[in-house]
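K.L.:
Just passing along the structure, written as structure tokens.
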Amino acid sequence: MSKPVTDLIHHPYQPPAGFSAPQPGVFKASTVIFPSVAAMRARDWRHKNGYTYGLHGTPTTFLLEERIAALEGGLQCILVPSGLAAIANVGMAVLRAGDEVLLPDNVYGPSRALADGEFRHWGITHQLYDPLKPADLEARIGTKTKLVWVEAPGSVTMEFPDLVELVRICRRKGVLCALDNTWGAGLAFRAFELDAQGLGVDISVHALTKYPSGGGDVLMGSIVTRDEKLHQQLKLTHMRVGWGVGGNDAEAVLRSLPSLELRYRAHDAAARRLAQWCAQRDEIVQVLHPALPGAPGHEDWKALCGEDGLAAGLFSVVFDERFTSAQVDAFCDALALFKLGYSWGGPMSLVVPYDIPSMRSAQLGTWKHKGVLVRFSVGLEDVEDLQRDLAQAMEALHRPG
Ligand SMILES: *Cc1c(COP(=O)(O)O)cnc(C)c1O
0 MSKPVTDLIH HPYQPPAGFS APQPGVFKAS TVIFPSVAAM RARDWRHKNG
50 YTYGLHGTPT TFLLEERIAA LEGGLQCILV PSGLAAIANV GMAVLRAGDE
100 VLLPDNVYGP SRALADGEFR HWGITHQLYD PLKPADLEAR IGTKTKLVWV
150 EAPGSVTMEF PDLVELVRIC RRKGVLCALD NTWGAGLAFR AFELDAQGLG
200 VDISVHALTK YPSGGGDVLM GSIVTRDEKL HQQLKLTHMR VGWGVGGNDA
250 EAVLRSLPSL ELRYRAHDAA ARRLAQWCAQ RDEIVQVLHP ALPGAPGHED
300 WKALCGEDGL AAGLFSVVFD ERFTSAQVDA FCDALALFKL GYSWGGPMSL
350 VVPYDIPSMR SAQLGTWKHK GVLVRFSVGL EDVEDLQRDL AQAMEALHRP
400 G
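For the sequence shown, numbering that gives the first Met the number 0 begins at 0 and goes up steadily by one.
Listed below in structure tokens is the structure:
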């Protein structure tokens, strides 16, 4: 007879199989138990036909991987602990010393910092290209170029590129093309089916932290592919660096996925209304929102996402240069519903002022505005309340600063 303490660990009761409910169960494990040494030796972490160790997957993470792959129109998916880890995993898997990676000038900032930091120290160089000039990308692709990142639209400044042409150039030159698809979220356009001929990116990376989580309370990233060999290459790096995700976090995303499109459409509709309102204000010289006529890349957004296409819940504005950055800071501080904070995709509206010239290559000269930029992430609050908040904060802008 075992003692109670042992029974608490090795209790023989097994609940009946066949439980079914709308949401899947949550499995959490570092250790996975094998029925025999032979089974232990036979199982392979590379494939989803069994379990080996918590880092390499549980029923909960396998389920989320399959759903994210389906959302993006891919065949394989790897989950990592953040969107940035997904970007790092891609670079670490496909780049070697002596290689070069090309990034758009409006790339997600930390992606550029990674290229300029770790990758440079490892002997991997990078170049920035002008995302609105496909010919500039083409001219920069050389024999060392092994990876091109594309983003639609660019982070913070929201210019929508001719994504189809950028991907076509990569295909023609035989260079791997990876998309940061966080903004599109698998909903605004099909990353693996950009045109009628089935042109697609090789890799689609997505910060699940944003819309798929939807709560501002989970950090996670995904790497989706349609090529088993490329997937295995990415997975080998993933296994070697030990990037796992927790069962509770995977469950939180699984729980939010069914409402993803409803939320995305609501964020989108509210952001467009506020962007249009901002466009009428004389304090603002430019509204950067791809679905707004006159915004940079609007025609390319329309061509890819459709006349009635989707456009997420983000936009930025450039204030007239007569307002100092201290006055724009006072505007941001005066907002009550829009909170100061990074990231986006959750229920709460957020605002961040950015110093764009310091984030861009001076040589490319892709940023021509003089005024200060503010980026809004529109949450799920009542849109009239948000508009009133913007209006009252505009008064702070007019105080001497
Ligand atoms: C937020 C974001 C990321 C990184 O996601 P984290 O989970 O915060 O690391 C990557 N790319 C884009 C475009 C993002 O907005």
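Glycine included, each C-beta is placed from N, C-alpha and C at the ideal position. Just so you know, these numbers come straight off a predicted model, no measurement behind them.
1) With a Cβ-Cβ cutoff of 8 Å, do Pro130 and Gly116 count as a contact?
2) Is Pro58 close to chain C, meaning its C-beta is less than 8 Å from at least one C-beta of that chain?
3) Going by CA-CA distance only, name the one from Ile123, Cys76 and Glu150 that's closest to Asp104.
4) If you measure from the CB of Asp179, is any heavy atom of ligand 1 nearer than 7 Å?
5) For the alpha helix (DSSP H) containing Trp300, name the first residue and the last one.
6) With which residues is Ala177 paired in a DSSP beta bridge?
7) Just the Cα atoms here: how many angstroms apart are Thr142 and Ala195?
8) Rounded to a whole number of angstroms, what is the C-alpha to C-alpha distance between Ile355 and Thr124?
9) Hey, is Gly82 close to ligand 1, as in C-beta under 7 Å from one of its heavy atoms?
10) What residues match up with Arg374 in a beta bridge as DSSP calls it?
11) Which of the three DSSP states is assigned to Glu64 in this structure?
12) Where does Leu396 fall in DSSP's three states?
13) For Met219, count neighbouring Cβ atoms within 10 angstroms of its own Cβ and tell me buried if that reaches 16, exposed if not.
14) Output needed for Asp161: all residues of its chain with C-beta closer than 7 Å, excluding positions within five of it in sequence on either side, in chain order.
15) Determine the contact status of His297 and Ala274, defining contact as a CB-CB distance below 8 Å.
16) Do Ala392 and Leu334 have their CB atoms nearer than 8 Å?
17) Does the stretch 5-22 touch the stretch 31-48, meaning 3 or more C-beta pairs lie closer than 8 Å?
18) Use the C-beta contact count for Glu383: other C-beta atoms within 10 angstroms, 16 or more gives buried, fewer gives exposed.
19) In whole angstroms, what separates the C-alpha of Arg359 from that of Trp366?
20) Please return the same chain residues whose Cβ sits closer than 7 Å to the Cβ of Tyr210, not counting the five positions on each side in sequence.
21) Answer yes or no: do Glu192 and Gly72 have a C-beta to C-beta separation smaller than 8 Å?
22) Under three-state DSSP, which class holds Tyr263?
23) Looking at the structure shown, is Gln126 part of a helix, part of a strand, or coil, going by DSSP?
24) Quick one: is the Cβ of Ala87 within less than 7 Å of any heavy atom of ligand 1?
25) Is DSSP giving Leu74 helix, strand or coil here?
26) If you compare alpha carbons, which of Pro14, Leu385, Gln279 and Glu99 is closest to Phe118?
27) Using only CA atoms, which one of Ala84, Val217, Trp121 and Thr59 lies nearest to Phe26?
28) Out of Phe318, Gly90, Tyr341 and Val36, state which residue places its alpha-carbon closest to the alpha-carbon of Val373.
29) Please report the straight-line C-alpha distance between Leu113 and Pro292, rounded to a whole angstrom.
30) Looking at ligand 1, does it come within less than 7 Å of Leu287, judged from the CB to the closest heavy atom?
31) For Val106, I'd like the list of residues in its chain whose CB is within less than 8 Å of its CB, leaving aside the five on either flank, ordered along the chain.
32) Evaluate Arg225 with the Cβ neighbour count: other Cβ atoms within 10 Å of its Cβ, from every protein chain shown; 16 or more gives buried, anything less gives exposed.
33) Given a cut-off of 8 Å, decide if Gly122 and Gly97 are closer than it, judged by their beta-carbon atoms.
34) Three-state secondary structure (DSSP) at Leu207?
35) Are the beta-carbon atoms belonging to Ala404 and Cys76 less than 8 Å from one another?
36) Beta-carbon separation of Ala92 and Thr236 under 8 Å?
P.N.:
Quick look at the numbers:
1) Counted from its first residue, the sequence shown places residue 130 at position 131. Counted from its first residue, the sequence shown places residue 116 at position 117. The answer is no: Cβ separation not under 8 Å.
2) Among the chains in the structure shown there is no chain C, since it carries only a single protein chain.
3) Taking the first residue of the sequence shown as 1, we reach residue 104 at position 105. Nearest option by C-alpha distance: Glu150.
4) Counting from one through the sequence shown, the residue named residue 179 turns up at place 180. Answer for Asp179: yes, Cβ within range of ligand 1.
5) Looking up residue 300 in the sequence shown gives position 301. Looking at the DSSP string, the run of the alpha helix (DSSP H) that includes Trp300 is His297 to Cys304.
6) Here residue 177 is taken as the residue at index 178 of the sequence shown, counted from 1. DSSP output for Ala177 lists Trp148 and Ile202 as bridge partner(s).
7) Residue numbering aside, residue 142 sits at position 143 when the sequence shown is read from its first letter. Residue numbering aside, residue 195 sits at position 196 when the sequence shown is read from its first letter. Distance between the alpha carbons of Thr142 and Ala195: 30 Å.
8) In the sequence shown, residue 355 corresponds to position 356, counting from 1. In the sequence shown, residue 124 corresponds to position 125, counting from 1. So the two alpha carbons sit approximately 23 Å from each other.
9) For the purposes of this step, residue 82 is taken as the residue at position 83 of the sequence shown. Checking the Cβ of Gly82 against ligand 1 gives yes.
10) Counted from its first residue, the sequence shown places residue 374 at position 375. According to DSSP, Arg374 bridges with Ser315 and Val351.
11) In the sequence shown, residue 64 corresponds to position 65, counting from 1. Glu64 falls in the helix class under three-state DSSP.
12) Residue 396 sits at position 397 when you count from the first residue of the sequence shown. DSSP places Leu396 in helix when its eight states are reduced to three.
13) Here residue 219 refers to the residue found at position 220 of the sequence shown. With 16 or more Cβ atoms within 10 Å of its Cβ, Met219 is classed as buried.
14) The residue you call residue 161 lines up with position 162 of the sequence shown. So the qualifying residues of the chain are Pro133 and Asp299.
15) The residue you call residue 297 lines up with position 298 of the sequence shown. The residue you call residue 274 lines up with position 275 of the sequence shown. Their beta carbons are not under 8 Å apart, which means His297 does not touch Ala274 by this criterion.
16) As a first step, residue 392 is located in the sequence shown; it is residue number 393 there, counting from the start. As a first step, residue 334 is located in the sequence shown; it is residue number 335 there, counting from the start. Going by C-beta atoms, Ala392 is nearer than 8 Å to Leu334.
17) no
18) In the sequence shown, counting from the first residue as 1, residue 383 sits at position 384. Exposed: under 16 other Cβ atoms inside 10 Å.
19) On the sequence shown, position 360 is the one that residue 359 refers to. On the sequence shown, position 367 is the one that residue 366 refers to. Rounded to the nearest angstrom, the two C-alpha atoms are 7 Å apart.
20) By 1-based counting over the sequence shown, the position of residue 210 is 211. Cβ within range, chain order: Ala184, Leu259, Arg262, Tyr263 and Gly344.
21) The sequence position of residue 192 within the sequence shown is 193, counting from 1. The sequence position of residue 72 within the sequence shown is 73, counting from 1. Going by C-beta atoms, Glu192 is nearer than 8 Å to Gly72.
22) Your numbering for residue 263 matches position 264 in the sequence shown. Correct three-state label for Tyr263: helix.
23) The residue you call residue 126 lines up with position 127 of the sequence shown. Residue state, collapsed to three classes: strand.
24) Translated into positions along the sequence shown, residue 87 becomes position 88. No, the beta carbon of Ala87 sits no closer than 7 Å to any heavy atom of ligand 1.
25) Mapped onto the sequence shown, residue 74 falls at position 75. Correct three-state label for Leu74: coil.
26) Numbered from 1 along the sequence shown, position 119 holds the residue referred to as residue 118. Checked all of Pro14, Leu385, Gln279 and Glu99; the closest Cα to Phe118 is Glu99.
27) The residue labelled residue 26 in the question sits at position 27 within the sequence shown. If we check each option's Cα against that of Phe26, Thr59 comes out closest.
28) Your numbering for residue 373 matches position 374 in the sequence shown. Per the Cα distances, Phe318.
29) Within the sequence shown, numbered from 1, the residue matching residue 113 stands at position 114. Within the sequence shown, numbered from 1, the residue matching residue 292 stands at position 293. Answer to the nearest angstrom: the Cα atoms are 34 Å apart.
30) In the sequence shown, the residue the question calls residue 287 occupies position 288. The answer is no for Leu287.
31) Here the question's residue 106 lines up with position 107 in the sequence shown. The answer, listed in chain order, is Leu127, Trp148, Glu150, Gly153, Ser154 and Asp179.
32) As a position in the sequence shown, residue 225 is number 226, starting the count at 1. Under this definition Arg225 is a buried residue.
33) Residue 97 sits at position 98 when you count from the first residue of the sequence shown. Residue 122 sits at position 123 when you count from the first residue of the sequence shown. Cβ atoms of Gly97 and Gly122: closer than 8 Å.
34) On the sequence shown, residue 207 is found 208 positions in, with the first residue counted as 1. It is coil, neither helix nor strand.
35) Within the shown structure, residues of the chain are numbered from 0 to 400, placing residue 404 beyond reach of any answer.
36) Taking the first residue of the sequence shown as position 1, residue 92 is located at position 93. Taking the first residue of the sequence shown as position 1, residue 236 is located at position 237. A contact, by the Cβ cut-off of 8 Å.
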